[in-house]
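These notes are about the structure you will find just below.
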Amino acid sequence: MAAVAQPLDVDQDRQWATLAHLGGVVGVLPSYVIHRVFKDRGPFTAQESREAANYTLLPSIIVLAGIVLSLVPVVGGVFSVIAALTWLALAVTSVRAGIKVNRGEPYQYRYNTHLYDTLSARRG
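Under the numbering used here, the very last position in the sequence shown is 121; numbers go up by exactly one each time.
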């Protein structure tokens, strides 16, 4: 018999929502995992982890592509700079969002592609 996950209390809900945004410093994986595990246990965590996953997916892809393309002779330096600047912007915006969410305020990123929602909808 499978155990039923308990709903998060208000403090836990805010904590996991904050961690979903702060996880953006390392890419999309933390917010994705938090969303998949906690989306049915706390409404604030569900909302904020989805927002964080939507925002961090595209920059994470850009950073990974930049790292791979940085190995190409002659133009590799340009791609490494692009990857570094993209990661820096991702880290700064993720920390800003995490601070606001930790105060209990919902956060919306200024530029968000909602790519995670699009891919999730297709998967069914």
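C-beta: ideal position from N, C-alpha, C; glycine also.
Inset, instruction - Along the alpha helix (DSSP H) that carries K97, what are the first and last residues, could you check? - result: In the sequence shown, residue 97 corresponds to position 100, counting from 1. Membership of K97 in the alpha helix (DSSP H) is indicated by the continuous run G73 to N99.
Inset, instruction - Taking only beta-carbon positions, decide if V65 is within less than 8 Å of chain C. - result: The chain labelled as chain C is not found in the depicted structure, where only one protein chain is given.
Legend entry - Three CB pairs or more closer than 8 Å across the region 20 to 37 and the region 52 to 68: Yes, since at least three Cβ pairs between the region 20 to 37 and the region 52 to 68 fall closer than 8 Å, the two stretches touch.
Inset, instruction - Output the distance between the C-alpha atoms of Q44 and L61, rounded to the nearest integer angstrom. - result: Taking the sequence shown and counting its residues from 1, the one referred to as residue 44 is at position 47. Taking the sequence shown and counting its residues from 1, the one referred to as residue 61 is at position 64. The alpha-carbon atoms of Q44 and L61 are separated by roughly 26 Å.
Legend entry - R119 versus G73: straight-line alpha-carbon distance, rounded: Translated into positions along the sequence shown, residue 119 becomes position 122. Translated into positions along the sequence shown, residue 73 becomes position 76. Cα to Cα, the separation comes out at about 34 Å.
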